[in-house]
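To convert a position in the sequence shown, counted from 1, into our numbering, add 5.
Data first, discussion second: the structure below is written as structure tokens.
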Amino acid sequence: MAVYKPFAEVKRIAVLGTGTIGASWTAYFLARGYDVTAWDPGDGWKERLQAFVDNARPQLKAIGTAVGSEGALTMVDDASAAVAGADFVQENAPERAPIKIELYKSIDGSVPEHCIVATSTSGLILSDLQDGLSYAPRLVVGHPFNPPHLIPLVEIVLGKLTDRAAADWAHGFYNHMGKHAIYVNKEVPGHLANRLQAALWREAVNAVEDGLASVEDVNAAVSQGPGLRWALMGPHMVMNLTAGREGLATTLERFGPPMESWWADMQKTPTFTPELKRKLIDGIADEMGDRTMETLERKRDDRLVKLLQMLKATE
Ligand SMILES: NC(=O)c1ccc[n+]([C@@H]2O[C@H](COP(=O)([O-])OP(=O)(O)OC[C@H]3O[C@@H](n4cnc5c(N)ncnc54)[C@H](O)[C@@H]3O)[C@@H](O)[C@H]2O)c1
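Written as structure tokens, this is what we have:
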């Protein structure tokens with residue numbers, strides 16, 4: 006069985022693709038003291054990446070992610086050069102299988118033998134991307150949630166050729182650097198967290214289409230209601246506390262039958278017709294008023310920082 010590097014000896018991380026997710030990963034890795042070698046084929050990416058890292062720094066300090074000395078950022082013009090001296094690779098290329106396959110082939114031969122390569126893919130099946138790669142046993146899904154420099158979750162998924170020990174190494178390494186890694190035990194589109202999110206959004210879209218509530222009120226039904234508890238504990242644990250102190254067995258006995266009848270009534274899968282899209286977009290515009298996307302994004306991240314601080318302080 007392969008032996009991978011002890012976590013404490015990991016010094017350099019390669020980041021491939023520095024858009025929304027790659028830039029955020031870069032800020033996180035640097036804050037944790039890792040040197041990062043980044044590469045992206047887009048125009049103007051170096052300025053954008055540097056600006057993102059500079060903007061994220063205060064947030065990373067505020068939530069206690071930043072360690073004493075930040076790592077050094079090197080930006081290179083070639084993917085193979087980026088991975089050549091790396092102990093770990095985080096790939097964040099666009100979510101299209103042909104692009105990822107091409108990129109993986111282009112770095113074969115340059116990925117060091119001890120190095121694990123993780124892809125941020127949100128929904129691709131890793132087994133479809135692994136054929137013919139010499140480092141396929143070390144290729145694993147390490148799927149973050151946006152923005153990865155703030156949200157702790159990382160989903161680990163193995164492809165058909167992934168070495169279990171490589172996946173375990175990735176799981177341990179993410180935890181070592183302060184993320185919260187979980188295993189998703191089967192390859193399904195969207196892994197786990199996005200499927201949970203999609204299930205809720207399906208009902209949120211149905212609610213608007215069926216005239217159950219306005220876009221604004223659907224948002225409030227989550228953010229002012231159950232969403233508050235879901236940030237503290239997951240859906241099963243919330244249900245464990247639903248029947249007073251009697252636990253999940255009582256919840257299932259008491260609320261199981263009505264829940265089954267609600268589920269039976271919730272079989273509709275919406276289709277994004279032009280009318281439905283218009284209803285959703287108009288509803289969001291009403292709720293946004295004159296707030297810009299930048300304002301909303303900043304508010305989300307500022308409140309996320311405060312929430313993470315509170316969660317850490319009350320662990
Ligand atoms: N946006 C999200 O919420 C989110 C969340 C988790 C995971 N992801 C995953 O992260 C990955 C990147 O998504 P994103 O949202 O950052 O996309 P993005 O479009 O913001 O960034 C993609 C970057 O890849 C670069 N790029 C273009 N061609 C490339 C190539 N051949 N090789 C490497 N890079 C290339 C682009 O210049 C761009 O900077 C995807 O696999 C996506 O599924 C996205």
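Built from N, CA and C at the ideal position, the CB exists for glycine as well.
These numbers come from a predicted model, not from an experiment.
Secondary structure note for M298: its alpha helix (DSSP H) is the uninterrupted segment 298 to 318.
Runs of the alpha helix (DSSP H) lying entirely within the region 17 to 62 and spanning at least 4 residues, in chain order: 25 to 36.
I26 sits away from V310, with the two beta carbons spaced by 8 Å or more. Residue pairing of M244 in beta bridges, as defined by DSSP: absent, with no partner found. Only residues of its own chain outside the window of five on either side were considered, and among them P157, V159 have a CB closer than 6 Å to the CB of K184, listed in chain order.
Here A172 is not near D133, since their CB atoms are 8 Å or more apart. With fewer than three CB-CB distances shorter than 8 Å, the region 216 to 228 does not count as touching the region 236 to 243.
For A36, the Cβ stays outside the 7 Å cut-off from all heavy atoms of ligand 1. Taking A236 as the centre and dropping the five residues before and after it, the same chain places the C-beta of L312, L316 closer than 8 Å to its C-beta, in chain order. Contact between the region 114 to 127 and the region 80 to 97 is established, with three or more Cβ pairs separated by less than 8 Å. Of all C-beta pairs linking the region 7 to 24 to the region 76 to 96, three or more are shorter than 8 Å, placing the two stretches in contact.
Cα atoms of T247 and T256: separation of roughly 6 Å, rounded to the nearest angstrom. Annotation for H176: the continuous alpha helix (DSSP H) segment containing it runs 169 to 181. The beta carbon of P153 sits closer than 7 Å to those of I26, S29, W30, Y33, all from its chain and outside the five residues before and after it, given in chain order.
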